[in-house]
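19 is the number of the first residue of the sequence shown in our numbering; add one for each residue after it.
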Amino acid sequence: MRRSVRRSKSFSHRLPRCVRSSNAGLPAPLICRSDSMRSMGIDRRHLLLGALAGYAVRPVCALAAPGEGGEGGKNGTLYLNAYGDGAGGFGLAALADDGAVAWDLPLPARAHAATIRPHTGEIVQFARRPGRFAIIVAAATGRQLDDISNAPGRRFNGHGVFSADGRILYATENDYAGERGVIGVYAADNAYRRIGELQAHGIGPHEIVRLSERPVLAVANGGILTHPDLPRLKLNLPSMRPALVYLDMRDGALLQEVKLPPALHQLSIRHLAVGRGDVIAVAMQYEGPEGDPVPLVAIHRPGAPDLQLLALPEKLRRRMKQYCGSVCFDRAGRIFAVSAPRGNLVTFWDVERGVFLRAITLADGCAIAPDIAAGMFLVAGGAGDLVRMHAVSGKTEPLLPRAGAETRHWDNHMLAAGI
19 MRRSVRRSKS
29 FSHRLPRCVR
39 SSNAGLPAPL
49 ICRSDSMRSM
59 GIDRRHLLLG
69 ALAGYAVRPV
79 CALAAPGEGG
89 EGGKNGTLYL
99 NAYGDGAGGF
109 GLAALADDGA
119 VAWDLPLPAR
129 AHAATIRPHT
139 GEIVQFARRP
149 GRFAIIVAAA
159 TGRQLDDISN
169 APGRRFNGHG
179 VFSADGRILY
189 ATENDYAGER
199 GVIGVYAADN
209 AYRRIGELQA
219 HGIGPHEIVR
229 LSERPVLAVA
239 NGGILTHPDL
249 PRLKLNLPSM
259 RPALVYLDMR
269 DGALLQEVKL
279 PPALHQLSIR
289 HLAVGRGDVI
299 AVAMQYEGPE
309 GDPVPLVAIH
319 RPGAPDLQLL
329 ALPEKLRRRM
339 KQYCGSVCFD
349 RAGRIFAVSA
359 PRGNLVTFWD
369 VERGVFLRAI
379 TLADGCAIAP
389 DIAAGMFLVA
399 GGAGDLVRMH
409 AVSGKTEPLL
419 PRAGAETRHW
429 DNHMLAAGI
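This is how it looks when you write it as structure tokens:
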């Protein structure tokens with residue numbers, strides 16, 4: 019099937035441009051050289067330098083660089099995951115690589131994904147959409163350092179990512195009155211002050227990632243219209259238009275918009291991970307009829323006109339129940355995992371060949387993080403399990419639950435801090 023694509027800018031080098039908001043009372047949609055930013059010393063030159071600094075070929079999947087997390091276990095890593103306690107309480111816990119709990123922080127409500135600030139020990143944990151908070155935490159100790167409240171007329175959509183130098187935080191948000199998605203922009207080095215927003219160029223932006231080889235953000239615009247007064251109701255399923263978009267992180271300009279064919283317009287693009295060479299792995303959720311034989315996993319290379327939809331044995335595809343929960347590359351950036359919690363499956367894929375490798379069963383398994391070695395992952399489930407999985411051999415090593423230990427029902431996403 020032919021997939022449509024709209025390009026408004028190329029990926030070639032160009033000077034950033036600025037656009038000011040015409041809506042008085044709303045933050046400027048693009049952030050380049052506003053007066054408030056100049057007062058903080060964050061002008062276009064600093065943003066450009068910050069965006070270009072520190073780019074390396076490294077897979078991005080809730081993955082922190084060496085020294086950016088806590089002490090961890092034998093491999094020096096802490097694995098951070100939000101959870102529910104089964105009695106109405108919520109928290110964020112850090113686990114060593116053997117499953118031992120390093121710290122546990124209570125949260126005011128259910129949380130979703132976290133991101134780590136480069137060159138620091140800070141992480142930002144976002145609330146589940148429609149979220150009203152994000153919490154800044156010291157990864158090594160679990161001490162809460164600060165928090166961010168949602169801006170007026172905005173709700174957090176569960177994900178965010180930092181610039182390479184750690185100065186700017188980008189968060190997916192919902193402008194529910196305007197029925198559009200935005201990317202909130204926060205100055206992390208100025209108490210996380212909100213300094214503007216970028217257009218998401220779509221509805222329902224969810225996961226946002228930063229490419230490793232260029233100053234570009236990739237955004238999963240799921241296409242689903244929601245409103246905080248009806249928090250889990252999907253308001254536009256007949257007309258939804260999901261897309262994967264690429265934005266210049268220096269000024270928010272749209273570089274590329276990649277859409278699915280019309281027949282798959284209800285295939286919501288939800289989660290992204292970045293592998294070697296900036297290839298994007300895409301995990302999707304289908305909002306159409308349950309029996310439709312639609313693909314749920316794709317890859318995309320920036321600049322390519324189409325998503326490459328990946329094939330899965332039909333028996334396994336049906337077991338996934340039209341729902342992928344998380345996607346993550348291994349440490350080498352060549353194998354990625356996609357969870358299907360409703361089907362109790364974790365699937366593994368070879369990105370270079372674009373082929374399915376195997377599936378491993380885990381009850382309500384969703385959260386995934388890269389383990390220390392290539393082809394290895396840690397996966398957490400809603401039943402309290404934490405399992406080390408080997409994508410190539412299919413071997414598994416259960417780490418949790420432990421006899422007599424408190425059961426935590428792990429939520430959707432895991433952050434590996436300290437690899």
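Heads up, the beta-carbon is just placed ideally off N, CA and C, and yes, glycines get one too. Just so we're clear, the structure is a prediction, and the values are computed from it rather than from any experiment.
The three-state secondary structure of Pro359, taken from DSSP, is helix. Rounded to whole angstroms, the separation of the alpha carbons of Tyr188 and Gly214 is 10 Å. Boundaries of the alpha helix (DSSP H) harbouring Glu332: 332–337, taken from the DSSP string. At a Cβ-Cβ threshold of 7 Å, Met407 and Cys342 do not count as neighbours. Around the C-beta of Thr379, fewer than 16 other C-beta atoms lie within 10 Å, and the residue is accordingly described as exposed. Between the stretch 213–233 and the stretch 170–190, the count of C-beta pairs closer than 8 Å reaches three or more; the two stretches touch. A residue is called buried once 16 or more other Cβ atoms fall within 10 Å of its Cβ, and Gly107, having fewer, is exposed. Less than 7 Å divides the Cβ of Ser357 from the Cβ of Cys384. Distance from the CA atom of Arg360 to the CA atom of Ile353, rounded to whole angstroms, is 22 Å.
Counting along the chain, Gly184 sits inside no beta strand (DSSP E), nor does DSSP assign it H or E at all. Sorting His318, Ala238, Tyr304 by C-alpha distance to the C-alpha of Arg336 places Tyr304 at the top.
Spatial neighbours of Ala392 in its own chain (CB-CB distance under 8 Å, excluding positions within 5 residues in sequence) are listed in chain order as Asp348, Arg349, Ala350, Arg352, Ile353. When DSSP states are grouped into helix, strand and coil, Asp429 belongs to the strand group.
Under the three-state reduction of DSSP output, Ser286 falls in the strand class. Uninterrupted beta strand (DSSP E) stretches at least 3 residues long and entirely within the stretch 95–126 occur at 96–102, 108–113, 119–125, given in chain order.
When secondary structure is reduced to three states using DSSP, Asn192 falls in the strand class.
Each residue's CA atom was taken as its position, placing Leu330 and His289 some 18 Å apart. DSSP places Asn175 inside the beta strand (DSSP E), whose first and last residues are 172–180.
Restricting attention to Arg173, Ser167, Val142, the CA atom closest to the CA of Arg161 is found in Val142. Excluding the 5 residues flanking it on each side, Arg420 has same chain C-beta neighbours closer than 8 Å at Gly117, in chain order. Going by beta carbons, Asp103 and Ala111 fall outside the 7 Å limit.
Under the three-pair Cβ rule at 8 Å, the stretch 201–210 does not count as touching the stretch 238–246. With contacts defined by Cβ atoms closer than 7 Å, Arg212 and Ala169 form a contacting pair. Pairing Ala114 with Asp324, the inter-Cα distance amounts to about 40 Å. Short of 7 Å from the beta carbon of Leu327, and not among the five residues preceding or following it, lie these beta carbons of its own chain, in chain order: Pro313, Ala316. Boundaries of the beta strand (DSSP E) around His224: 223–228. With 16 or more neighbouring CB atoms inside 10 Å of its own CB, Leu396 falls in the buried class.
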